[in-house]
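Asks: Please read through the structure below; I'll follow up with questions.
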Amino acid sequence: MDVLWLIPLLLVPLLMWSSGTFVFYFKKCFYVGWMMVLALLAIPLCMLKSGGRDVENMRIIRVLVRHVKYFLGLRFDVSGWEHLQTEGPYVIISNHQSSLDVLGLMEILPDRCTMIAKKELVYAGTVGLICWLGGIVFINRKKTSDAKSVMAEAAQTMLDQQIRLWVFPEGTRNQKEDLLPFKKGAFHLAVQAQVPIIPVVFSSYRNFYLRKEKRFNSGTVRLRILPKIETKGMTSDDISSLCDKSFDLMQAAFRERLRLQTHEQRAVEGAEHSPRSRLLFPPTSPSETCLPRPPVPLPAPPPLLSPRFPIAWPCHEISSCLVDAWSGRPLARPVSAVCPDPHCACSSSSTCTTTSSTSTSSSAALQAVSGMTDGRIDACCSSCMTEGSGHHQFLLCFLPF
Ligand SMILES: CCCCCCCCCCCCCC(=O)SCCNC(=O)CCNC(=O)[C@H](O)C(C)(C)COP(=O)(O)OP(=O)(O)OC[C@H]1O[C@@H](n2cnc3c(N)ncnc32)[C@H](O)[C@@H]1OP(=O)(O)O
Ligand SMILES: CCCCCCCC/C=C\CCCCCCCC(=O)OC[C@@H](O)COP(=O)(O)O
Numbered sequence: 384m385d386v387l388w389l390i391p392l393l394l395v396p397l398l399m400w401s402s403g404t405f406v407f408y409f410k411k412c413f414y415v416g417w418m419m420v421l422a423l424l425a426i427p428l429c430m431l432k433s434g435g436r437d438v439e440n441m442r443i444i445r446v447l448v449r450h451v452k453y454f455l456g457l458r459f460d461v462s463g464w465e466h467l468q469t470e471g472p473y474v475i476i477s478n479h480q481s482s483l484d485v486l487g488l489m490e491i492l493p494d495r496c497t498m499i500a501k502k503e504l505v506y507a508g509t510v511g512l513i514c515w516l517g518g519i520v521f522i523n524r525k526k527t528s529d530a531k532s533v534m535a536e537a538a539q540t541m542l543d544q545q546i547r548l549w550v551f552p553e554g555t556r557n558q559k560e561d562l563l564p565f566k567k568g569a570f571h572l573a574v575q576a577q578v579p580i581i582p583v584v585f586s587s588y589r590n591f592y593l594r595k596e597k598r599f600n601s602g603t604v605r606l607r608i609l610p611k612i613e614t615k616g617m618t619s620d621d622i623s624s625l626c627d628k629s630f631d632l633m634q635a636a637f638r639e640r641l642r643l644q645t646h647e648q649r650a651v652e653g654a655e656h657s658p659r660s661r662l663l664f665p666p667t668s669p670s671e672t673c674l675p676r677p678p679v680p681l682p683a684p685p686p687l688l689s690p691r692f693p694i695a696w697p698c699h700e701i702s703s704c705l706v707d708a709w710s711g712r713p714l715a716r717p718v719s720a721v722c723p724d725p726h727c728a729c730s731s732s733s734t735c736t737t738t739s740s741t742s743t744s745s746s747a748a749l750q751a752v753s754g755m756t757d758g759r760i761d762a763c764c765s766s767c768m769t770e771g772s773g774h775h776q777f778l779l780c781f782l783p784f
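As numbered in our numbering, residues 384 to 784 make up the sequence shown, in order.
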């Protein structure tokens with residue numbers, strides 16, 4: 384009889400190992416259940432600390448939620464911290480893909496910051512109660528006039544109590560490849576309070592989380608905090624342009640990251656198909672460069688296949704040639720220069736050559752175009768093009784020392 388209890392214990396790891404769909408539901412249920420438990424723990428702590436609804440309770444919630452990412456196999460890589468070093472109140476806006484956004488939000492949540500949320504959330508059991516205790520402002524999205532007056536009140540409270548507010552201007556969850564058009568509330572809020580807006584872009588979750596396909600793997604979310612947008616002196620006439628400007632900035636950052644993710648995914652898939660050679664493949668379409676490129680050999684990845692190895696991309700497609708696959712940071716700068724290599728066959732039918740040494744002529748070429756001196760040219764010739772003058776140009780990856 385005792386042995387029967389072992390069956391579900393064995394079954395769960397077996398299903399986790401064999402079924403992606405099971406992993407998806409298991410992780411989702413765990414997430415919701417565990418957040419409910421954490422909220423239950425947080426309620427008495429918040430009551431003891433503040434005696435009721437208070438934005439300071441967000442500190443407790445933040446501390447309690449920070450470890451949840453480890454259970455779900457998620458990493459958060461944050462850039463632009465300096466943009467959050469702003470005194471006083473401000474409005475943070477970010478894209479909204481899933482309830483998992485709460486984990487990223489808690490990674491960077493500044494002090495005295497709470498959120499605007501749909502009113503339905505207040506009924507979400509212990510989570511609803513903890514949201515209320517954390518000072519979350521609930522709005523009725525179906526009644527614009529109500530939402531407007533609640534937000535006008537929130538603008539005043541921001542100033543009176545030095546509070547920061549986090550708004551999801553898409554107004555709903557969105558897992559498409561592009562952001563949804565922004566609602567105007569966040570911008571009215573910032574202009575009414577005359578406080579800056581700090582945009583935060585979450586990278587697409589599609590590499591690890593696909594709701595429709597029922598996939599929930601491990602993955603890294605990149606959070607990019609963008610420079611603040613001032614609203615001092617703006618009036619309601621400026622709302623539309625402020626909204627458009629914010630949207631354009633965030634959309635550009637989201638798309639740029641998505642492009643990198645696509646390359647990363649392709650490179651990883653490529654590496655999986657060719658584990659011994661670890662080669663990167665030329666661009667997908669021959670028209671992307673003027674000549675076929677040789678595959679660029681990658682250094683051996685460390686044991687256990689950590690993705691921390693440089694990947695060479697077609698330089699002309701993105702703003703950096705070599706990207707650290709782990710952090711996404713550029714390792715090298717692409718520079719357009721007249722080809723310094725006398726053997727470079729950019730002009731004719733054969734392939735572009737690559738060079739990994741610093742030759743005098745290439746240094747001179749680099750200095751001429753970029754003023755950079757201390758560095759090494761690597762993985763050169765990602766694309767070559769013939770200029771009107773007949774000079775053959777190509778892109779160099781410049782690795783600063
Ligand atoms: C331990 C456990 C821990 C748990 C932790 C939990 C953390 C929880 C995190 C929770 C995360 C939860 C996350 C969530 O729950 S996300 C869902 C809830 N959040 C939102 O919906 C926020 C974004 N929405 C908006 O801002 C909308 O604009 C609102 C809802 C306000 C109106 O919606 P509507 O659809 O109507 O939008 P519209 O933009 O077409 O506007 C229509 C007109 O109104 C004008 N207008 C708009 N606003 C204002 C204003 N303030 N003052 C004056 N005027 C204003 C506007 O200019 C336009 O006029 P015009 O320009 O066309 O003439
Ligand atoms: C009485 C029990 C009710 C159970 C309800 C479970 C509620 C979820 C519980 C735990 C999840 C953890 C934190 C959730 C906070 C995230 C809120 C969220 O992401 O709401 C979605 C909202 O932004 C947009 O809603 P729609 O996409 O328009 O829809």
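For glycine and all other residues, C-beta sits at the position ideal for the given N, C-alpha and C.
For a test of your reading of the model: does the CB of residue 617 fall under 8 Å from any non-hydrogen atom of ligand 1? Yes or no.
Replies: As a first step, residue 617 is located in the sequence shown; it is residue number 234 there, counting from the start. No, ligand 1 has no heavy atom inside 8 Å of this Cβ.
Asks: Please indicate yes or no: does the CB of residue 576 lie closer than 8 Å to some heavy atom of ligand 1?
Replies: For the purposes of this step, residue 576 is identified with residue 193 of the sequence shown, where counting begins at 1. No.
Asks: With DSSP collapsed to three states, give me the class of residue 646.
Replies: Position 263 of the sequence shown, counted from the first residue, corresponds to residue 646. Note: residue 646 maps to helix in three-state DSSP.
Asks: With respect to 8 Å, is the separation between the Cβ of residue 551 and the closest non-hydrogen atom of ligand 1 below this value?
Replies: Translated into positions along the sequence shown, residue 551 becomes position 168. Yes, Cβ of residue 551 sits closer than 8 Å to a heavy atom of ligand 1.
Asks: Residues around ligand 2, please: the ones whose beta-carbon is closer than 5 Å to some heavy atom of it, in chain order.
Replies: Those residues, listed in chain order, are 415, 418, 482, 485, 507, 508, 510, 555, 556.
Asks: Opposite residue 549 in the DSSP bridges: which residues?
Replies: Here residue 549 refers to the residue found at position 166 of the sequence shown. Beta-bridge pairing links residue 549 to 475, 498.
Asks: Give the straight-line distance between the Cα atoms of residue 714 and residue 420, rounded to the nearest whole angstrom.
Replies: Working through the sequence shown from its first residue, we reach residue 714 at position 331. Working through the sequence shown from its first residue, we reach residue 420 at position 37. Reliability of the predicted coordinates at residue 714 is poor, the pLDDT of 46 falling under 50, and the value obtained from them is presented with this limitation in mind. Approximately 43 Å, taken between the alpha carbons.
Asks: Please find out if some non-hydrogen atom of ligand 1 comes closer than 8 Å to the beta-carbon of residue 611.
Replies: Within the sequence shown, residue 611 is the residue found at index 228, counting from 1. No.
Asks: I need the boundaries of the alpha helix (DSSP H) containing residue 393, first residue and last residue.
Replies: Working through the sequence shown from its first residue, we reach residue 393 at position 10. Start and end: 389–401.
Asks: Ligand 1 and residue 614: does the residue's C-beta get closer than 8 Å to at least one heavy atom of that ligand?
Replies: For the purposes of this step, residue 614 is taken as the residue at position 231 of the sequence shown. False, no ligand heavy atom lies under 8 Å from that Cβ.
Asks: If I follow the unbroken beta strand (DSSP E) through residue 462, where does it start and stop?
Replies: Stepping through the sequence shown from its first residue, residue 462 is reached at position 79. Looking at the DSSP string, the run of the beta strand (DSSP E) that includes residue 462 is 457–462.
Asks: DSSP on residue 421, reduced to helix/strand/coil?
Replies: By one-based count along the sequence shown, residue 421 stands at place 38. Of the three classes helix, strand and coil, the one that applies to residue 421 here is helix, per DSSP.
Asks: Which residues mark the beginning and the end of the alpha helix (DSSP H) in which residue 605 is found?
Replies: Within the sequence shown, residue 605 is the residue found at index 222, counting from 1. No alpha helix (DSSP H) holds residue 605; the beta strand (DSSP E) holding it covers 602–608.
Asks: Quick one: what's got a C-beta closer than 6 Å to residue 452's C-beta in the same chain, skipping five residues either side?
Replies: Reading the sequence shown from its first residue, position 69 is the one you call residue 452. Excluding sequence neighbours, residue 452 sits near 486.
Asks: If you check the beta carbons only, do residue 588 and residue 482 fall under 9 Å apart?
Replies: If you number the sequence shown from 1, residue 588 lands on position 205. If you number the sequence shown from 1, residue 482 lands on position 99. No.
Asks: Exposed or buried, which one is residue 571 when buried takes at least 16 other CB atoms within 10 Å?
Replies: To locate residue 571, count along the sequence shown from 1; it is residue 188. Answer is buried; the Cβ neighbour count reaches 16.
Asks: Measuring CA to CA, which of 496, 511, 425, 407 is closest to residue 502?
Replies: As a working mapping, residue 502 is identified with position 119 in the sequence shown. Out of 496, 511, 425, 407, 511 has the C-alpha closest to the C-alpha of residue 502.
Asks: If you drop the 5 nearest sequence neighbours on each side, which residues of the same chain put their C-beta closer than 8 Å to that of residue 408?
Replies: On the sequence shown, position 25 is the one that residue 408 refers to. Excluding positions up to five away in sequence, the list reads 597.
Asks: Could you tell me the boundaries of the alpha helix (DSSP H) in which residue 570 lies?
Replies: What you label residue 570 is simply residue 187 of the sequence shown in a count that begins at 1. It spans 568–576 - the alpha helix (DSSP H) in which residue 570 sits, taken as one unbroken run.
Asks: Determine, using beta carbons only, whether residue 472 and residue 541 come nearer to each other than 9 Å.
Replies: Within the sequence shown, residue 472 is the residue found at index 89, counting from 1. Within the sequence shown, residue 541 is the residue found at index 158, counting from 1. A contact, by the Cβ cut-off of 9 Å.
Asks: Kindly indicate which three-state DSSP category residue 593 falls into: helix, strand or coil?
Replies: As a working note, residue 593 is residue 210 in the sequence shown. Here residue 593 sits in strand by DSSP.
Asks: Any idea what DSSP makes of residue 582, helix, strand or coil?
Replies: Here residue 582 corresponds to residue number 199 of the sequence shown, with the count starting at 1. Residue 582: strand per DSSP, three-state reduction.
Asks: Under 9 Å, do residue 474 and residue 580 count as touching if we go by C-beta distance?
Replies: To locate residue 474, count along the sequence shown from 1; it is residue 91. To locate residue 580, count along the sequence shown from 1; it is residue 197. Yes, the Cβ-Cβ distance between residue 474 and residue 580 is below 9 Å.
Asks: Is there contact between the region 429–443 and the region 523–538, where contact requires at least three CB pairs shorter than 8 Å?
Replies: No contact exists between the region 429–443 and the region 523–538.
Asks: Would you call residue 605 buried or exposed, if buried means 16 or more other Cβ atoms sit within 10 Å of its Cβ?
Replies: As a first step, residue 605 must be located in the sequence shown, where it is residue number 222. Per the 10 Å Cβ criterion, buried.
Asks: Ignore the nearest five residues each way along the sequence and tell me which others in residue 401's own chain have a CB closer than 8 Å to its CB.
Replies: Position 18 of the sequence shown, counting from 1, holds the residue named residue 401. There are no such residues.
Asks: Looking only at its chain, what residues have a beta carbon closer than 7 Å to the beta carbon of residue 455, apart from the 5 residues adjacent to it on each side?
Replies: Taking the sequence shown and counting its residues from 1, the one referred to as residue 455 is at position 72. Hits under 7 Å: 410, 414.
Asks: Measuring only the C-alpha atoms, how far is residue 499 from residue 390?
Replies: On the sequence shown, position 116 is the one that residue 499 refers to. On the sequence shown, position 7 is the one that residue 390 refers to. So the two alpha carbons sit approximately 45 Å from each other.
Asks: So which of 546, 592, 508 has the shortest CA-CA distance to residue 403?
Replies: In the sequence shown, the residue the question calls residue 403 occupies position 20. If we check each option's Cα against that of residue 403, 592 comes out closest.
Asks: Is the region 558–574 close to the region 488–496, with three or more CB pairs under 8 Å?
Replies: Touching, no, given that fewer than three Cβ pairs across the two stretches are closer than 8 Å.
Asks: Can you tell me where the alpha helix (DSSP H) holding residue 533 begins and where it ends?
Replies: On the sequence shown, position 150 is the one that residue 533 refers to. It spans 527–544 - the alpha helix (DSSP H) in which residue 533 sits, taken as one unbroken run.
Asks: Within 8 Å: the Cβ of residue 527 and any heavy atom of ligand 1?
Replies: Reading the sequence shown from its first residue, position 144 is the one you call residue 527. The answer is yes for residue 527.
Asks: Figure out for me which residue from 544, 521, 573 has the closest Cα to the Cα of residue 625.
Replies: Here residue 625 corresponds to residue number 242 of the sequence shown, with the count starting at 1. Among 544, 521, 573, the Cα nearest to that of residue 625 is on 573.
Asks: Taking the alpha carbon of residue 601 as the reference point, which residue from 406, 468, 466 has its own alpha carbon closest?
Replies: In the sequence shown, the residue the question calls residue 601 occupies position 218. Residue 601 has its Cα closest to that of 406, out of 406, 468, 466.
Asks: Quick one, which of 616, 508, 476, 621 has its alpha-carbon nearest residue 562's?
Replies: Taking the sequence shown and counting its residues from 1, one reaches residue 562 at position 179. Closest option to residue 562, Cα to Cα, is 476.
Asks: Using the DSSP secondary-structure output, state which residues sit across from residue 520 in a beta bridge.
Replies: The residue given as residue 520 occupies position 137 in the sequence shown. DSSP output for residue 520 lists 499 as bridge partner(s).
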